[in-house]
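Undergrad:
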Amino acid sequence: KAGVTQTPRYLIKTRGQQVTLSCSPISGHRSVSWYQQTPGQGLQFLFEYFSETQRNKGNFPGRFSGRQFSNSRSEMNVSTLELGDSALYLCASSSSTSGANVLTFGAGSRLTVL
Amino acid sequence: SQQGEEDPQALSIQEGENATMNCSYKTSINNLQWYRQNSGRGLVHLILIRSNEREKHSGRLRVTLDTSKKSSSLLITASRAADTASYFCATLGDGSSNTGKLIFGQGTTLQVKP
Numbered sequence: 024k025a026g027v028t029q030t031p032r033y034l035i036k037t038r039g040q041q042v043t044l045s046c047s048p049i050s051g052h053r054s055v056s057w058y059q060q061t062p063g064q065g066l067q068f069l070f071e072y073f074s075e076t077q078r079n080k081g082n083f084p085g086r087f088s089g090r091q092f093s094n095s096r097s098e099m100n101v102s103t104l105e106l107g108d109s110a111l112y113l114c115a116s117s118s119s120t121s122g123a124n125v126l127t128f129g130a131g132s133r134l135t136v137l
Numbered sequence: 023s024q025q026g027e028e029d030p031q032a033l034s035i036q037e038g039e040n041a042t043m044n045c046s047y048k049t050s051i052n053n054l055q056w057y058r059q060n061s062g063r064g065l066v067h068l069i070l071i072r073s074n075e076r077e078k079h080s081g082r083l084r085v086t087l088d089t090s091k092k093s094s095s096l097l098i099t100a101s102r103a104a105d106t107a108s109y110f111c112a113t114l115g116d117g118s119s120n121t122g123k124l125i126f127g128q129g130t131t132l133q134v135k136p
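Going down the list, the sequences are from chains A and B.
Adding 23 to a residue's 1-based position in the first sequence gives its number in my numbering.
Adding 22 to a residue's 1-based position in the second sequence gives its number in my numbering.
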């Protein structure tokens with residue numbers, strides 16, 4: 024069973040640009056969550072999608088958005104990048120039928136904003 | 023905001039010794055989970071303990087939960103160099119039993135010296 028796949032793994036952008044990150048969940052998993060990890064703030068929840076609908080949202084500005092497709096693949100977009108958006112962005116998927124919220128994480132997309 | 027506060031922030035031990043890390047949380051929970059993260063990579067789920075459980079074992083891992091004190095501990099016995107990683111506790115953010123919205127502690131960085 025393939026794991027959670029995130030692309031790209033590394034990317035460098037400049038302030039003001041936008042970026043799109045992609046996540047392919049484990050086959051059969053319908054929930055996809057996104058997290059931002061920085062040395063200062065740690066792991067922070069961005070949003071969760073389930074069956075193409077945003078189910079939960081963290082406390083991030085509107086520059087951060089996401090979506091989920093019918094095949095459960097998800098993308099997140101950050102517009103008007105700021106230096107503080109430099110972080111490791113982690114995607115995780117989970118099965119809605121497990122009865123527990125155990126997450127399987129991808130390896131992450133490391134974004135550097137210059 | 024961080025639900026879990028972990029202690030210590032960093033721990034350095036010799037191979038073969040036991041490692042104990044603690045986590046405190048603020049609100050009522052359905053379950054508490056522990057994850058491991060190797061440097062710059064995604065998180066790996068280690069163990070989940072439900073609110074009605076007091077202790078759980080998985081291989082060399084032992085987790086305890088004290089809901090009256092809102093705290094949990096993770097014990098790794100007979101540590102190995104391969105256990106070198108950061109360890110995070112995580113709880114649900116909204117009281118639901120099945121959501122990807124976890125709140126993570128700041129983590130304990132464990133170094134096991136060969």
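Glycine included, each C-beta is placed from N, C-alpha and C at the ideal position.
(1) Helix, strand or coil for residue 25 of chain A, going by three-state DSSP, please let me know.
(2) Per DSSP, residue 113 of chain B is paired with what?
(3) For residue 103 of chain B, does the count of other Cβ atoms within 10 angstroms reach 16, so buried, or fall short, so exposed?
(4) Would you kindly report the start and end of the unbroken beta strand (DSSP E) that includes residue 44 of chain B?
(5) Tell me residue 130 of chain B's beta-bridge partners as DSSP assigns them.
(6) Taking only three categories from DSSP, how would you classify residue 34 of chain B?
(7) Inspect the beta-carbon positions of residue 4 of chain B and residue 65 of chain A and report whether they are closer than 8 Å.
(8) Can you tell which of A:81, A:111, A:94 has the C-alpha that lies nearest to the C-alpha of residue 63 of chain A?
(9) Would you report the Cα separation of residue 127 of chain B and residue 29 of chain B, rounded to the nearest angstrom?
(10) DSSP puts residue 49 of chain A in a beta bridge; with which residues?
(11) Can you tell me the Cβ-Cβ gap for residue 122 of chain B and residue 88 of chain A, rounded? I've got them flagged as a contact below 8 Å.
(12) Per DSSP, what kind of secondary structure is residue 107 of chain A in: helix, strand or coil?
(13) For residue 55 of chain B, is the classification buried or exposed, using 16 other Cβ atoms within 10 angstroms of its Cβ as the cut-off for buried?
(14) Residue 130 of chain A CB to nearest chain B CB: under 8 Å?
TA: The short version:
(1) Here residue 25 of chain A is taken as the residue at index 2 of the first sequence, counted from 1. Residue 25 of chain A falls in the coil class under three-state DSSP.
(2) The count along the second sequence starts at 1 and reaches residue 113 of chain B at position 91. Answer is B:54, B:125.
(3) Along the second sequence, one-based indexing puts residue 103 of chain B at 81. Exposed, by the Cβ-count rule.
(4) Residue 44 of chain B sits at position 22 when you count from the first residue of the second sequence. Start and end: 41 to 46.
(5) Along the second sequence, one-based indexing puts residue 130 of chain B at 108. In the DSSP output, where bridge partners are listed per residue, residue 130 of chain B has B:109.
(6) As a first step, residue 34 of chain B must be located in the second sequence, where it is residue number 12. It is a strand residue.
(7) Nothing can be reported for residue 4 of chain B: it is not among the residues displayed for chain B, which extend from 23 to 136.
(8) Position 40 of the first sequence, counted from the start, is the residue given in the question as residue 63 of chain A. The shortest Cα separation from residue 63 of chain A among A:81, A:111, A:94 belongs to A:111.
(9) Sequence index remark: in the second sequence, residue 127 of chain B carries index 105 (1-based). Sequence index remark: in the second sequence, residue 29 of chain B carries index 7 (1-based). Taking the straight line joining both Cα atoms gives about 10 Å.
(10) Position 26 of the first sequence, counting from 1, holds the residue named residue 49 of chain A. DSSP, once it has assigned bridges, lists no residue as partnering residue 49 of chain A.
(11) The sequence position of residue 122 of chain B within the second sequence is 100, counting from 1. The sequence position of residue 88 of chain A within the first sequence is 65, counting from 1. Incorrect: roughly 17 Å between the Cβ atoms, too far for contact.
(12) Numbered from its first residue, the first sequence carries residue 107 of chain A at position 84. Residue state, collapsed to three classes: helix.
(13) Along the second sequence, one-based indexing puts residue 55 of chain B at 33. With 16 or more other Cβ atoms within 10 Å, it is buried.
(14) In the first sequence, the residue the question calls residue 130 of chain A occupies position 107. It does: the Cβ of residue 130 of chain A has a partner Cβ on chain B nearer than 8 Å.
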